[in-house]
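S.K.: Counting the sequence shown from 1 gives a position; this note's numbering is that position plus 2. Glycine included, C-beta positions come from ideal geometry on N, C-alpha and C. Source: prediction; values computed, not measured.
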Amino acid sequence: MRDDLWENTALINQAFPFNIFENTPSGNQILRLHWHEHYEFILIDQGEAVFQIGGNQIHASAGDLLFVNSGQLHAGYSDDPTQFIKYYAIVFHPSLVGHQSAHLLSVDLMSLHSEGRTLFSNSLNKHSEYYPQLIMTITTLIQEFQNKLHGYEVAVRAYCQLLFTWLCRGYMITPDEKRQTEAVRLKTAQFKAMLLYIEEHFTDRITLNQAAAMVRLSPYHFCKTFKKLTGLTLIQYINLRRIYEAEHLLRTTTLSITEIAEQIGSGSINSFSKLFKQYKGYSPMSIRKQL
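1) If you draw a straight line from the C-alpha of M3 to the C-alpha of I200, how long is it?
2) For K279 and E249, I'd like the C-alpha separation in whole angstroms.
3) Helix, strand or coil for N127? Go by DSSP, reduced to three states.
4) Compare the C-alpha of L98 against each of F69, N58, E155 and G57 and name the closest.
5) Where do the ends of the alpha helix (DSSP H) carrying I208 lie?
6) Return helix, strand or coil for A51, following the three-state DSSP convention.
7) Would you identify the three-state DSSP class for F147, choosing helix, strand or coil?
8) Tell me where the beta strand (DSSP E) around E223 begins and ends.
9) Which first and last residues belong to the beta strand (DSSP E) in which Q59 is found?
10) Judging by CA-CA distance, which residue of G78, L210 and L252 is the nearest neighbour of K88?
11) Taking DSSP as the reference, what is the three-state secondary structure of Y90?
12) Is it the case that the Cβ atoms of V93 and N25 are separated by a distance below 8 Å?
13) Would you kindly check if the distance between the Cβ of I140 and the Cβ of L234 is under 8 Å?
14) For I175, I'd like the list of residues in its chain whose CB is within less than 8 Å of its CB, leaving aside the five on either flank, ordered along the chain.
15) Helix or strand or just coil, what does DSSP make of L293?
16) In this structure, how does DSSP classify A195 when only helix, strand and coil are distinguished?
17) Roughly how many whole angstroms lie between the Cα atoms of T260 and L35?
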């Protein structure tokens, strides 16, 4: 499904489907909920955050490395909206590491990728004997990409292949994990249409019963599944979507704060300002003063 949660990740080009993003986000939401076909490593450089990946909640701090399989919904949150956080997102298509040539690997990763199957653990255990190699390879990869010396594309491809060597040796998911991730994958497919509806109607009043009915679950089971997939309650998710839109309007339009509050479906300017500061750590007016 290609929808508003699907991210058309900006990669270099089709021949070199790779990119690294250095992120220093602010506020409670440091990574909006989304998914893409690519693989992704997330390296925490500074700060602490909670990442929701494929239904797994992972508490991460400086030095931690996470992995996102193809097609997994993922997002990131900070308990302290004023905290400084810096992380790297290393994103690339499986074709970069030769996964279209199944004979190169003992596991047919390309076939599993095309089926949307989960291959590796999201939380990469620091106590594994392969973790030091992973960190060293990731660090060298980031430096190689940033310096962009002659022939860096060859080096980047080689380092990505080396990363998958360590993943295959130390972080393949177990049979029990496969069953759990398959159940989450099916629930994710079921929920994507409902999440798209929220994206298109977040300014409206969406009740718990309405959302639960869209995925044919009781309100109780809906709340449990929604929290597992997104890391948030339904109200928190809608509020964050409204605040994201409000910040965009504050930075890109001349609408008054009152008009923006009305446009995102907030009841009053006072409740809007309070909610905005709660999630972002600063007031709407402070953004306008910066412009």
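M.R.: Let's see:
1) Counted from its first residue, the sequence shown places residue 3 at position 1. Counted from its first residue, the sequence shown places residue 200 at position 198. Because the pLDDT at M3 is just 37, under 50, the model does not fix this residue reliably, and the value given afterwards should be weighed accordingly. Straight-line Cα distance between these residues: approximately 16 Å.
2) Position 277 of the sequence shown, counted from the start, is the residue given in the question as residue 279. Position 247 of the sequence shown, counted from the start, is the residue given in the question as residue 249. Cα to Cα, K279 sits roughly 11 Å from E249.
3) Taking the sequence shown and counting its residues from 1, the one referred to as residue 127 is at position 125. N127 falls in the coil class under three-state DSSP.
4) Your numbering for residue 98 matches position 96 in the sequence shown. Each of F69, N58, E155 and G57 was checked against the Cα of L98, and the nearest Cα belongs to E155.
5) One-based indexing of the sequence shown puts residue 208 at position 206. Where I208 is concerned, there is no enclosing alpha helix (DSSP H), given that its DSSP letter is neither H nor E.
6) Position 49 of the sequence shown, counted from the start, is the residue given in the question as residue 51. The answer is strand: DSSP assigns A51 an E or B state.
7) Numbered from 1 along the sequence shown, position 145 holds the residue referred to as residue 147. Reduced to three states, the DSSP call for F147 is helix.
8) For the purposes of this step, residue 223 is identified with residue 221 of the sequence shown, where counting begins at 1. Checking the sequence, you will find His at residue 223 rather than Glu. Counting along the chain, H223 falls outside any beta strand (DSSP E), though it belongs to the alpha helix (DSSP H) covering P221 to T232.
9) Residue numbering aside, residue 59 sits at position 57 when the sequence shown is read from its first letter. Looking at the DSSP string, the run of the beta strand (DSSP E) that includes Q59 is N58 to S63.
10) Looking up residue 88 in the sequence shown gives position 86. Ranking the options by Cα distance to K88, first place goes to G78.
11) Numbered from 1 along the sequence shown, position 88 holds the residue referred to as residue 90. Y90: strand per DSSP, three-state reduction.
12) What you label residue 93 is simply residue 91 of the sequence shown in a count that begins at 1. What you label residue 25 is simply residue 23 of the sequence shown in a count that begins at 1. Contact flag unset, no.
13) As a first step, residue 234 is located in the sequence shown; it is residue number 232 there, counting from the start. As a first step, residue 140 is located in the sequence shown; it is residue number 138 there, counting from the start. Not a contact, by the Cβ cut-off of 8 Å.
14) By one-based count along the sequence shown, residue 175 stands at place 173. Within the same chain, I175 has close Cβ partners T120, L121, F122, S123 and T183.
15) In the sequence shown, residue 293 corresponds to position 291, counting from 1. Looking at L293 - three-state DSSP - the assignment turns out to be coil, as it is neither helix nor strand.
16) Looking up residue 195 in the sequence shown gives position 193. Here A195 sits in helix by DSSP.
17) Reading the sequence shown from its first residue, position 258 is the one you call residue 260. Reading the sequence shown from its first residue, position 33 is the one you call residue 35. Their Cα atoms are separated by approximately 27 Å.
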